[in-house]
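J.:
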Amino acid sequence: MRAALWLLALFGIAVASALFAGNNQGTVTLFWPPYRLDLSLNMVLLLLALGFVTLYAALRALAALLALPHEARRWRLQQKERAMHAALMDAVAQFMAGRFLRSRKAALAALAQEGALAQAGEAVPHGRQLRALAHLVAAEDSQALQDRTQREHHLERALEHAPQHGTAHEQELREGIQMRAARWALEDRDARTALQWLASLPQGAARRTLALRIKLKASRHAHQTQDALDTARLLGKHRAFSAAAAQSIVRGLAMELIDGAHDPAQLQQVWQSLENSERAMPELAVHAAQRLASLGGERALVRHWLLPAWQQMVDNPGALAGPHALKLVRALEAGLDALDAPWLARIETAAQANPRDARLQYLAGMACLQRQLWGKAQQLLTQSTQQLQDASLRRSAWQRLAELAEQRGDSHAAAQAWKSAALAD
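Mapping of the sequence shown onto my numbering: position 395 corresponds to residue 381, and the numbering continues sequentially without gaps.
1) I'd like to know whether the C-beta atoms of R345 and V315 end up nearer to each other than 8 Å.
2) Ignore the nearest five residues each way along the sequence and tell me which others in M267's own chain have a CB closer than 7 Å to its CB.
3) Could you pull out every residue in the same chain whose Cβ sits closer than 8 Å to the Cβ of A279, ignoring the five residues on either side in sequence?
4) Assess contact between the stretch 196 to 210 and the stretch 176 to 184, defined as three or more Cβ pairs (one per stretch) separated by less than 8 Å. Is contact present?
5) By how many angstroms is the C-alpha of R117 removed from the C-alpha of L94?
6) Apart from the five residues just before and just after D24, which ones in its own chain have a Cβ nearer than 6 Å to its Cβ?
7) Got a sec? Which residues, its chain only, sit under 6 Å from A69 by beta carbon, not counting five neighbours each side?
8) Which class does V110 belong to by DSSP, given the choice of helix, strand or coil?
9) Shortest alpha-carbon distance to E269 belongs to which of S234, R178, D249?
10) How big is the Cα-Cα spacing for A0 and L45?
11) What is the DSSP secondary structure of D24, reduced to helix, strand or coil?
12) Mind checking K201: buried by the 16 CB within 10 Å criterion, or exposed?
13) What are the boundary residues of the alpha helix (DSSP H) that includes T13?
14) Please confirm whether A214 and R206 have their CB atoms less than 8 Å apart.
15) Give me the Cβ distance between E242 and T211, rounded to the nearest whole Å; I'm assuming they're in contact under 8 Å.
16) Assuming L222 is part of the alpha helix (DSSP H), what are its boundary residues?
17) Taking only the alpha-carbon atoms, compute the straight-line gap between L145 and R277 and give it to the nearest angstrom.
18) So Q347 and Q369 are supposed to be a Cβ contact under 8 Å. How far apart are they, rounded?
19) Buried or exposed: where does E142 fall if 16 or more other Cβ atoms within 10 Å of its Cβ makes it buried?
20) By how many angstroms is the C-alpha of W61 removed from the C-alpha of V110?
21) So is T217 buried or exposed if we call it buried at 16+ other beta carbons inside 10 Å?
22) Considering only the beta carbon of each residue, do A388 and L366 sit closer than 8 Å?
23) CB A96 to CB A77, shorter than 8 Å?
24) What is the C-beta distance between H140 and S128, in whole angstroms, given that I count them as a contact (C-beta under 8 Å)?
25) How is M241 classed by DSSP in three states: helix, strand or coil?
26) Compute the distance between the beta-carbons of A192 and A180, then report whether it is under 8 Å.
27) Quick check on DSSP: helix, strand or coil for F38?
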């Protein structure tokens, strides 16, 4: 469409020029005493147009001639800048390829190019950022080469060229340098230095996923379990791990906290500091209850912590893994001597509702044995021995049956029970 409009415009100009010049009878007379020169108006207009074009071309040619030194200087500067950027890109490429000596050499070459430009008075606008990046790459190479002296040197220079109160890009670059320094400290097994680097980050940067991952590892190496647990919770909320992995990490850290408690009061404080979702984990509740019992805590509190896990095992026997269900049964068995009436009712009801669950039958039999209900205890324990998969529970059941037989004076049954207990494994 545009080409068609231009064509129509050219036709219009040609027609107008033909109409004006074809019947133009005007003349231009020049007087230069004693001479007189008569020229047609069309000729004068043509000469003026040619003169303007010639003068314009001459001025452009003169301007281009005078600009040649400036253009040559600009071309040399451009070539140096290209060489500088090429050296920096080569340093990054060599680092990724694992050629650390070549990478550091290329980074130093980029720094030399930038320094030469700065001394010549032709500093690039992003010179500080480029110097900081080149020093960071050189520090990365030195870390890979286990050259800590050079790493610290380049790290200090990189931080100098990325000031804390600089531009937004320089501040972001400084945050990245600090995160890399924290990771290097962690690789050197210096968890406290890594945590110090992370503490120097702004609040927003410290809550980024990368910073939190480094902090989690550093806190675990420094045995700061509470900080590691808080960090793992944040990472779980940020979806840095899968749901199963996050739950496993949190559970492991919570168990470390529980194991670190040295008295019942401290353990209760740790338990209250956990979130509701964490206290609802059966394996965590069983572990905490066992730890509380070993520290001499109240039996009622132990059973209170075990209640959610117990309810889950009763409602859905397959929901609780075998080892955790075994620990739950063992924890309840250890406190049978102080078991109250509500818990006895729960155990009896659960055993009646799940006759095929040998663990519940065993626990109910042990509870009856504790209450000196010999006949019912023998019946339940005998039933459980036929289905128990765990050797320790099966051996314990046979031992109790042997003791019951000895109380009745049935030596033959006692001998058979002791033999079954010995062969339980």
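All C-beta atoms, glycine included, are put in the ideal place defined by N, C-alpha and C.
All of these numbers come straight from a predicted model, not from anything done at the bench.
T.: Inspection of the coordinates gives the following:
1) The sequence position of residue 345 within the sequence shown is 359, counting from 1. The sequence position of residue 315 within the sequence shown is 329, counting from 1. For R345 and V315, yes; Cβs fall inside 8 Å.
2) For the purposes of this step, residue 267 is identified with residue 281 of the sequence shown, where counting begins at 1. So the list reads R237, once near-sequence residues are dropped.
3) Translated into positions along the sequence shown, residue 279 becomes position 293. Result list for A279: R285, V288, A317, A320, G321, in chain order.
4) yes
5) Residue mapping note: residue 94 aligns to position 108 of the sequence shown, counting from 1. Residue mapping note: residue 117 aligns to position 131 of the sequence shown, counting from 1. Cα to Cα, the separation comes out at about 10 Å.
6) By 1-based counting over the sequence shown, the position of residue 24 is 38. If we look at D24 and ignore the five residues flanking it on each side, its Cβ neighbours are T13, T15.
7) As a working note, residue 69 is residue 83 in the sequence shown. For A69, where only same-chain residues beyond five positions count, the Cβ hits under 6 Å are Q99.
8) For the purposes of this step, residue 110 is taken as residue 124 along the sequence shown, with counting starting at 1. Here V110 sits in coil by DSSP.
9) Taking the sequence shown and counting its residues from 1, the one referred to as residue 269 is at position 283. For E269, the nearest C-alpha among the options comes from S234.
10) Walking along the sequence shown from the start, residue 0 turns up at place 14. Walking along the sequence shown from the start, residue 45 turns up at place 59. A0 and L45: Cα-Cα distance of roughly 29 Å.
11) Along the sequence shown, one-based indexing puts residue 24 at 38. It is a strand residue.
12) Residue mapping note: residue 201 aligns to position 215 of the sequence shown, counting from 1. Buried, because 16 or more other Cβ atoms sit within 10 Å of the Cβ of K201.
13) Position 27 of the sequence shown, counting from 1, holds the residue named residue 13. It is not in any alpha helix (DSSP H) - T13 instead sits in the beta strand (DSSP E) that spans 13 to 18.
14) Position 228 of the sequence shown, counting from 1, holds the residue named residue 214. Position 220 of the sequence shown, counting from 1, holds the residue named residue 206. Yes, Cβ-Cβ distance for A214 and R206 is below 8 Å.
15) Within the sequence shown, residue 242 is the residue found at index 256, counting from 1. Within the sequence shown, residue 211 is the residue found at index 225, counting from 1. Going by Cβ atoms, the distance from E242 to T211 rounds to 5 Å, so yes, they are a contact pair.
16) Position 236 of the sequence shown, counted from the start, is the residue given in the question as residue 222. A quick correction: the sequence has Gly, not Leu, at residue 222. Unbroken alpha helix (DSSP H) run through G222: 211 to 223.
17) Locating residue 145 in the sequence shown gives position 159, where the first residue counts as 1. Locating residue 277 in the sequence shown gives position 291, where the first residue counts as 1. Approximately 48 Å between the Cα atoms of the pair.
18) Your numbering for residue 347 matches position 361 in the sequence shown. Your numbering for residue 369 matches position 383 in the sequence shown. Right, their Cβ atoms sit about 5 Å apart.
19) For the purposes of this step, residue 142 is identified with residue 156 of the sequence shown, where counting begins at 1. E142 is exposed by the Cβ-count criterion.
20) Along the sequence shown, read from residue 1 onward, the residue named residue 110 stands at position 124. Along the sequence shown, read from residue 1 onward, the residue named residue 61 stands at position 75. Cα-Cα distance, rounded: 14 Å.
21) Reading the sequence shown from its first residue, position 231 is the one you call residue 217. The residue in question, T217, is buried, as its Cβ has 16 or more Cβ neighbours within 10 Å.
22) Stepping through the sequence shown from its first residue, residue 388 is reached at position 402. Stepping through the sequence shown from its first residue, residue 366 is reached at position 380. Not in contact: A388 and L366 (Cβ atoms no closer than 8 Å).
23) If you number the sequence shown from 1, residue 96 lands on position 110. If you number the sequence shown from 1, residue 77 lands on position 91. In this structure, A77 lies closer than 8 Å to A96 by Cβ.
24) Residue mapping note: residue 140 aligns to position 154 of the sequence shown, counting from 1. Residue mapping note: residue 128 aligns to position 142 of the sequence shown, counting from 1. So it is a contact: roughly 6 Å between Cβ atoms.
25) Here residue 241 refers to the residue found at position 255 of the sequence shown. Of the three classes helix, strand and coil, the one that applies to M241 here is helix, per DSSP.
26) Within the sequence shown, the letter at position 206 stands for residue 192. Within the sequence shown, the letter at position 194 stands for residue 180. No, these two residues do not count as a Cβ contact at 8 Å.
27) As a working note, residue 38 is residue 52 in the sequence shown. DSSP places F38 in helix when its eight states are reduced to three.
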